[in-house]
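*Asks:*
Numbering (our numbering), first residue to last: 10 to 154.
(1) Work out the CA separation of residue 51 and residue 39 for me, nearest whole Å.
(2) Could I get the ranges of all uninterrupted beta strand (DSSP E) runs contained in the segment 25-76, with 3 residues as the minimum, in chain order?
(3) Tell me which residues share the same chain as residue 12 and place their Cβ nearer than 8 Å to its Cβ, disregarding the 5 neighbours each side in the sequence.
(4) For the beta strand (DSSP E) containing residue 93, list its first residue and its last residue.
(5) Should residue 47 go down as buried or exposed, given a rule of 16 or more other Cβ atoms within 10 Å for buried?
(6) Which term fits residue 16, buried or exposed, when burial requires 16 or more other beta carbons within 10 angstroms of its beta carbon?
(7) Going along the chain, which residues of its own chain have a beta-carbon closer than 6 Å to the beta-carbon of residue 42, five neighbours each way excluded?
(8) Hey, could you find the ends of the beta strand (DSSP E) residue 1 is sitting in?
(9) Where residue 73 and residue 79 are concerned, what is the direct C-alpha to C-alpha distance, given to the nearest angstrom?
(10) Out of 75, 77, 57, which has the shortest C-alpha to C-alpha gap to residue 68?
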């Protein structure tokens, strides 16, 4: 399975560990939204989209099922994130143009909206900053899968 597009939107809020919202397109046919770049205790990592269960835990709703794909997704997302680490892009809260090869004619179909809804941002920040949840680390994120 090939990653054909990675789009991210930086989160410029110093009160949260979430640094970016990401959408990843696979084989120009399937997109997964709401991956997050998180500043964990051991550095930056990619968290998969998740939802809160009735008992207050977070459970991934989409995730790789093997280490190779997880590593591939992590590497591609972090590559795009690091490419946008220049001062000009940090002052912007707009979607970053795709940097993975894609067909420009198909970009229109898979464009990540340049602004997420306030509700979506608030719920993601709540997940990352929830006082009742343990510190977010790559290890604890993997344990919940």
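Quick reminder that beta carbons are idealized off the backbone N, C-alpha and C, glycines included.
Nothing here was measured: the structure is a model prediction, and the numbers come from that model.
*Replies:* Working from what's here:
(1) 31 Å
(2) 27-35, 39-49, 52-56, 59-61, 67-69
(3) 33, 34, 35, 81, 82, 85, 109
(4) Here residue 93 belongs to no beta strand (DSSP E), and DSSP marks it neither H nor E.
(5) buried
(6) buried
(7) 32
(8) Examination of residue 1 is not possible in this model, given that the chain is present from 10 through 154 alone.
(9) 5 Å
(10) 57
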